[in-house]
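Single-structure report; data block below.
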Amino acid sequence: VTTTPYPAWSADVEGPIVGGIHGWPFGSALDDGASHGYVEEEFFVSGEAIRYRPANELSPQGDWAVLRHSASIYRTRVVVRRPSEPARFNGTVVVEWVNVSAGYDINLAVPPSLFDGLAYVAVSAQPAGLYGFPSVPGNGVMAWDPQRYASLDLPDDAIGYDLFTQIAGMLRNPDTHRGPALLGGLIPRHLIGVGASQSGTRVLAYANAIQPLTHAFDALMPLVCAGMAADFDTALAHPDSAAGHRGHSRAVLTQVRGDAQIPVMAINTETEALHYLPARQSDSERFRYWEIPGASHAPRVQLEAILAVAQRDGVREPAWMRAQGSNVMWLPTFDAAIGHLKRWIDEDQPPSVHPPIEVNVADGAIIRDEFGNALGGVRLPELEVPIATHVGTNSQYELTGTTTPFSPDTLRRLYPTHADYVRRVAAAATTAAAAGVILPRRVEAYHRQAQYAKVPP
11 VTTTPYPAWS ADVEGPIVGG IHGWPFGSAL DDGASHGYVE EEFFVSGEAI RYRPANELSP
71 QGDWAVLRHS ASIYRTRVVV RRPSEPARFN GTVVVEWVNV SAGYDINLAV PPSLFDGLAY
131 VAVSAQPAGL YGFPSVPGNG VMAWDPQRYA SLDLPDDAIG YDLFTQIAGM LRNPDTHRGP
191 ALLGGLIPRH LIGVGASQSG TRVLAYANAI QPLTHAFDAL MPLVCAGMAA DFDTALAHPD
251 SAAGHRGHSR AVLTQVRGDA QIPVMAINTE TEALHYLPAR QSDSERFRYW EIPGASHAPR
311 VQLEAILAVA QRDGVREPAW MRAQGSNVMW LPTFDAAIGH LKRWIDEDQP PSVHPPIEVN
371 VADGAIIRDE FGNALGGVRL PELEVPIATH VGTNSQYELT GTTTPFSPDT LRRLYPTHAD
431 YVRRVAAAAT TAAAAGVILP RRVEAYHRQA QYAKVPP
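Per this note's numbering, the sequence shown runs over residues 11 to 467.
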């Protein structure tokens, strides 16, 4: 298999893009980045990208090989959030393969600690994000703002892998393309490629088949994808669920290849735990796996954030966006993992090891405590000092999970005084931070939340 360190083709970059009907990029951030010393800019990238085809079986061990197959021209968009002052930049760029499960672009993996010096790049790599689903007219970015986006073109899903590679090359070395530098002159030290849910399947496939050829990223993170990796077909990988298909991606259950040359860190929630069970693999020098009990694929707070952007942009939101969801989030743990990856890259110091969620081998069910909360996995204060039962599944919307508060009698039995509850939450948060599964800044958030909680009632 021929290897190429960076883009096979020279690309063109235009931007920052302005104008259009709305005057802002689709899905742009709601927070005031300027007050934190950040800018958000959109660019158009155009060029020619290759497709790959499997050279061997897409095996469950992940030792995939691909061959270059064909090529097509493309024109897509990239949204960059970065420090306005170079001195603020810490050298790490999180590059997200944007999710298209709703029929438009959704940024699922923006690090909560972005304003601490990170840069974030959202890559539109799949046609569904641009054109939308046929059953929901007007939801793709091109229909949302034809004045701004009419020139964009992604011919199929298969070119996304090389497109992702090319964007990494442009971020690493602006000399690989014509036009403005995507990072405004910032020089990255770490490129971390991430994707969540449907996009996580693309990043897992990238880790197994494309990264060994391109060496484009310093680390990769397939998130909440249950060990499912996408294939390399040109056909739309995420069917239009409203048109009669089950809205799940076409993918293959697989492990991360055992000879990975860069750190690969996978994170799943309780929602994915049983689906991932057949693909479980041991942690290694280049692989780490964390599983978050009580958390769901689409937790409440994250759903609220996604819904707020969809309502601001005026696109039709799927019904699952309005689900209550679990109160246990995976984003803060993902945030902590970004810091671990930097140390892993620079100092060869891998993240801490945590056992997965406990599963009964006899019946394949998650083992739970007296309150119905899962045992094992990454231990967050929500489960160590519980005031509710947090489950990763939901009878109506399977990916959102549920949180069921304890009865007043149970709360009074567990926490005789409010001070006792606050003390225990603070201790659990401190322990979680020491274990590296949340950032130290998150400890104060837990403490503050406990202080305002009416526990006991």
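Even glycine gets a Cβ: it sits at the ideal position worked out from N, Cα and C.
From a predicted model like this one, the values you see are computed outputs, not experimental measurements.
(request) Kindly give me the distance between the Cβ atoms of PHE227 and LEU201, rounded to whole angstroms, as I take these residues to be in contact under 8 Å. (result) 5 Å
(message) Within 10 Å of its beta-carbon, does ALA219 have 16 or more other beta-carbons around it, so buried, or fewer, so exposed?
(response) buried
(request) Kindly confirm or deny that the stretch 130–142 and the stretch 104–115 touch, where touching means at least three C-beta pairs closer than 8 Å. (result) yes
(message) Going by the DSSP bridge assignment, what does HIS200 pair with across the sheet?
(response) THR102
(request) Could you tell me if ALA289 is buried or exposed, where buried requires 16 or more neighbouring beta carbons within 10 angstroms of its beta carbon? (result) buried
(request) Throw me the rounded Cβ distance for the ALA384 and ILE367 pair, which I believe falls under 8 Å. (result) 5 Å
(message) What does the alpha-carbon distance come out to for the pair ARG7 and ALA436?
(response) Only positions 11 to 467 of the chain appear in the structure, and residue 7 is not among them; the question remains open.
(request) Going by DSSP, name the residue or residues bridged to TYR130. (result) ARG91, VAL104
(message) In this structure, how does DSSP classify TRP300 when only helix, strand and coil are distinguished?
(response) strand
(request) Give me the Cβ distance between PRO10 and GLY382, rounded to the nearest whole Å; I'm assuming they're in contact under 8 Å. (result) Residue 10 cannot be examined here, being either before or after the span of the chain that is shown, 11 to 467.
(request) Note the first and the last residue of the continuous beta strand (DSSP E) segment covering SER294. (result) That residue, SER294, is in no beta strand (DSSP E); it is neither H nor E in DSSP.
(message) Just to confirm my understanding: we take ASP323, look at its own chain, exclude 5 residues before and 5 after, and list those with CB closer than 8 Å. What are they?
(response) HIS32, PHE36, GLY37, TRP154
(message) Less than 7 Å between C-beta atoms, sequence neighbours within five positions excluded: which residues of the same chain meet that for ALA160?
(response) MET152
(message) Using a Cβ-Cβ cutoff of less than 6 Å, which residues in the same chain neighbour ALA270 once the five nearest sequence positions on both sides are dropped?
(response) ARG296
(message) Is any non-hydrogen atom of the ligand GDP found closer than 7 Å to the C-beta of THR281, if you look at the structure I gave you?
(response) Although the ligand GDP was asked about, the structure shown includes no ligands whatsoever.
(message) Just list the residues that DSSP pairs ILE116 with in beta bridges.
(response) ASN109
(message) Using a 10 Å radius around the Cβ and a threshold of 16 neighbouring Cβ atoms, would you call ASP115 buried or exposed?
(response) buried
(request) Entirely within the stretch 49–94 and at least 3 residues each: give me those beta strand (DSSP E) ranges in chain order. (result) 76–93
(message) Within 10 Å of its beta-carbon, does ALA375 have 16 or more other beta-carbons around it, so buried, or fewer, so exposed?
(response) exposed
(message) For a quick check, are the C-beta atoms of THR244 and ASP185 less than 8 Å apart?
(response) no
(request) Could you check which residue in LEU421, VAL103, GLU24, GLY268 has the C-alpha nearest to that of GLY349? (result) VAL103
(request) Report the three-state DSSP secondary structure of VAL28 (helix, strand or coil). (result) coil
(request) Look at the alpha carbon of GLU280 and the alpha carbon of PRO232, and state the distance between them as a whole number of angstroms. (result) 16 Å
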